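Engineer: Residue numbers (full-length UniProt numbering): 1 to 468.
Virtual Cβ for every residue (Gly too), placed ideally from N, Cα, C.
Just so we're clear, the structure is a prediction, and the values are computed from it rather than from any experiment.
Submitted below is the structure of interest, expressed as structure tokens.
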């Protein structure tokens with residue numbers, strides 16, 4: 001007997017906006033029932049998962065806790081999983097700041113807690129070695145190195161890569177260029193294997209040897225550098241691997257540049273969709289997406305792996321919020337600015353931007369009753385009405401090159417309790433606001449085709465139904 005649990009049903013009406021364009025000041029209102037804000041637990045027996053490979057250069061991209069993922073946490077509800085991922089954002093933010101303030105070491109500083117690899121990210125299936133061995137890996141635009149669990153990892157509780165069974169596998173020495181690109185200090189051990197330890201914010205650790213093997217990509221394959229993890233310590237021992245989509249030399253983007261011209265895109269499904277499956281597209285095919293608009297993609301010497309953008313302002317409804325000049329300006333020495341990130345869930349705005357955005361939202365939503373203490377992260381939460389409708393002011397991000405990205409209600413509000421009676425503004429302050437770094441999280445990116453044209457220094461958005 002199958003059992004399908006549905007919770008957080010909201011019997012109110014919400015009015016929302018989806019607008020993307022250049023200098024578009026017109027507000028188009030649509031109406032939806034708030035029952036669509038439902039944390040739907042997965043009916044495993046009825047799941048109908050699509051193929052991991054959608055085409056020659058397109059892959060299924062699923063949430064690590066989605067119904068098609070083999071890495072779902074046991075005995076955990078969808079609501080609890082997402083709330084846990086959001087709480088893990090703080091560790092990721094601190095890791096980003098730490099990475100920007102750290103000189104080159106003999107370790108790569110990762111960007112998530114061990115558990116957040118599973119709960120906070122989206123995963124794709126990749127095939128390593130000859131003959132091929134398949135593994136799910138978490139896509140991370142904030143990391144350069146890719147790693148998968150490898151034999152003889154005794155602590156790994158899931159499938160591990162078997163180097164001895166691949167005829168094309170090689171260890172890389174400390175003196176090799178990929179090892180040097182990671183800033184490893186060989187200190188007279190150039191002929192030794194390139195050994196890396198990743199230490200996560202929650203104390204989990206990954207010991208790995210930098211390696212090379214074939215990576216199958218559709219009908220094509222190439223030699224690919226990755227970390228072969230032989231020791232996992234802490235709560236990370238049950239997690240998938242990670243594929244780095246950052247901007248460094250060892251990243252997937254740079255290593256596959258000849259195949260895909262350093263261009264990729266993803267479409268993240270709404271967390272309220274039962275499908276929980278979107279898509280990752282490699283190459284320039286996404287450059288023709290309907291409605292695609294671009295802004296500048298910037299680089300920052302303090303954080304060279306990350307994708308910076310220029311945000312000129314934010315509107316709430318028809319009000320252009322007053323944000324002090326220079327709030328989002330990029331600083332090449334400190335890493336200050338604003339980045340877009342696949343692994344952070346909720347958008348974090350520094351205080352000079354967050355406070356006026358929050359205050360404007362509160363003023364325009366004064367018809368609802370605010371609830372204090374409803375969430376440890378969110379400070380603008382509302383008790384929903386048993387019936388009726390609410391006009392929710394849209395939030396618009398004004399990027400460089402006259403790109404205005406207006407978020408739907410599902411990118412703006414998030415339910416935070418099992419009873420379905422409280423909705424919160426899905427933006428937050430950074431855990432440590434002294435850095436000046438803001439982050440556009442994946443909750444605000446859902447149901448957009450997000451295009452990274454690295455060679456062209458452009459970031460694009462196109463509205464798209466990603467709930468495939």
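Please determine, among 359, 411, 397, the residue with the shortest C-alpha to C-alpha distance to residue 345.
Structural biologist: 411
Engineer: CB residue 481 to CB residue 266, shorter than 8 angstroms?
Structural biologist: Residue 481 falls outside the range modelled here, since the chain spans only 1 to 468, and no answer is possible.
Engineer: In or out: residue 24 buried (at least 16 other Cβ within 10 Å) or exposed?
Structural biologist: Residue placement at residue 24 cannot be trusted, given a pLDDT of 46 that sits under 50; the coordinates are not used to answer.
Engineer: Can the beta-carbon of residue 225 be found closer than 8 angstroms to that of residue 255?
Structural biologist: With respect to the 8 angstroms criterion, residue 225 and residue 255 are classified as neighbours on the basis of their beta carbons.
Engineer: Going by DSSP in three states, residue 451 sits in which element: helix, strand or coil?
Structural biologist: Three-state result, residue 451: strand.
Engineer: Check the C-beta distance from residue 138 over to residue 240 and give it rounded, since I have them as a contact under 8 angstroms.
Structural biologist: 6 angstroms
Engineer: Fully enclosed by the region 108 to 179, which alpha helix (DSSP H) runs are 4 residues long or longer?
Structural biologist: 114 to 119
Engineer: With a threshold of 7 angstroms on Cβ separation, who are the neighbours of residue 431 within its own chain once the five nearest residues in sequence on each side are excluded?
Structural biologist: 90, 93, 94
Engineer: For the candidate residues 448, 248, 245, whose alpha-carbon lies nearest to that of residue 406?
Structural biologist: 448
Engineer: The ligand MN and residue 94: does any heavy atom of the ligand fall closer than 7 angstroms to the residue's C-beta?
Structural biologist: As presented, the structure is devoid of all ligands, the ligand MN included, so that no description of it is given.
Engineer: Closest by CA to residue 463, which one among 291, 356, 223?
Structural biologist: 291
Engineer: Thinking just about the alpha-carbon of each residue, which of 398, 123, 336, 427 is nearest to the one in residue 362?
Structural biologist: 427
Engineer: CA-CA distance, residue 97 and residue 357?
Structural biologist: In a straight line, the C-alpha of residue 97 is about 24 angstroms away from that of residue 357.
Engineer: Looking at the structure shown, is residue 28 part of a helix, part of a strand, or coil, going by DSSP?
Structural biologist: Only weak support exists for where residue 28 lies, its pLDDT of 47 falling under 50; the coordinates are left without a value.
Engineer: Among 206, 182, 210, which residue has its Cα nearest to the Cα of residue 194?
Structural biologist: 210
Engineer: Would you call the CB atoms of residue 438 and residue 348 closer than 8 angstroms?
Structural biologist: yes
Engineer: Let's test the definition: count the other Cβ atoms within 10 Å of the Cβ of residue 375 and tell me whether it reaches 16, buried, or not, exposed.
Structural biologist: buried
Engineer: To the nearest angstrom, how far is it from the Cα of residue 384 to the Cα of residue 271?
Structural biologist: Distance between residue 384 and residue 271, taken at the CA atoms: about 20 angstroms.
Engineer: Less than 8 angstroms between the beta carbons of residue 178 and residue 229, yes or no?
Structural biologist: no
Engineer: Name the residue from 435, 335, 309 whose alpha carbon lies nearest to the alpha carbon of residue 454.
Structural biologist: 309
Engineer: Got a sec, what are the start and stop residues for the beta strand (DSSP E) residue 425 sits in?
Structural biologist: 422 to 425
Engineer: Between the region 365 to 382 and the region 325 to 335, are three or more C-beta pairs nearer than 8 angstroms?
Structural biologist: no
Engineer: Given residue 162, which residues of its chain have a CB within under 6 angstroms of its CB, disregarding the five upstream and five downstream residues?
Structural biologist: 151
Engineer: For residue 271, which beta-bridge partners are listed by DSSP?
Structural biologist: Answer is none; residue 271 lacks a bridge partner.
Engineer: Please go through the same chain and pick out, in chain order, the residues whose beta-carbon is closer than 7 angstroms to the beta-carbon of residue 352, but skip the five residues on each side of it.
Structural biologist: Closer than 7 angstroms at the Cβ level, and outside the excluded window around residue 352, lie 323, 324, 327.
Engineer: In whole angstroms, give me the CA-to-CA distance for residue 244 and residue 143.
Structural biologist: 5 angstroms
Engineer: Out of 135, 294, 79, 413, which has the shortest C-alpha to C-alpha gap to residue 458?
Structural biologist: 294
Engineer: Taking 8 angstroms as the cut-off, decide whether the C-beta atoms of residue 156 and residue 215 are in contact.
Structural biologist: no
Engineer: Mapping the DSSP letters down to three states, classify residue 281 as helix, strand or coil.
Structural biologist: strand
Engineer: Under a Cβ-count criterion, where at least 16 other Cβ atoms within 10 Å of its own Cβ denotes burial, should residue 121 be classed as buried or exposed?
Structural biologist: buried
Engineer: Between which two residues does the alpha helix (DSSP H) harbouring residue 410 extend?
Structural biologist: 409 to 412
Engineer: Could you check what DSSP says for residue 182 in three-state terms: helix, strand or coil?
Structural biologist: coil
Engineer: How far does the alpha helix (DSSP H) with residue 354 in it reach, from first residue to last?
Structural biologist: Taken as a continuous stretch (DSSP letters only), the alpha helix (DSSP H) holding residue 354 covers 351 to 364.
Engineer: In whole angstroms, give me the CA-to-CA distance for residue 268 and residue 64.
Structural biologist: 12 angstroms
Engineer: What is the residue span of the alpha helix (DSSP H) that residue 252 lies within?
Structural biologist: 252 to 255
Engineer: Looking only at its chain, what residues have a beta carbon closer than 8 angstroms to the beta carbon of residue 465, apart from the 5 residues adjacent to it on each side?
Structural biologist: 447
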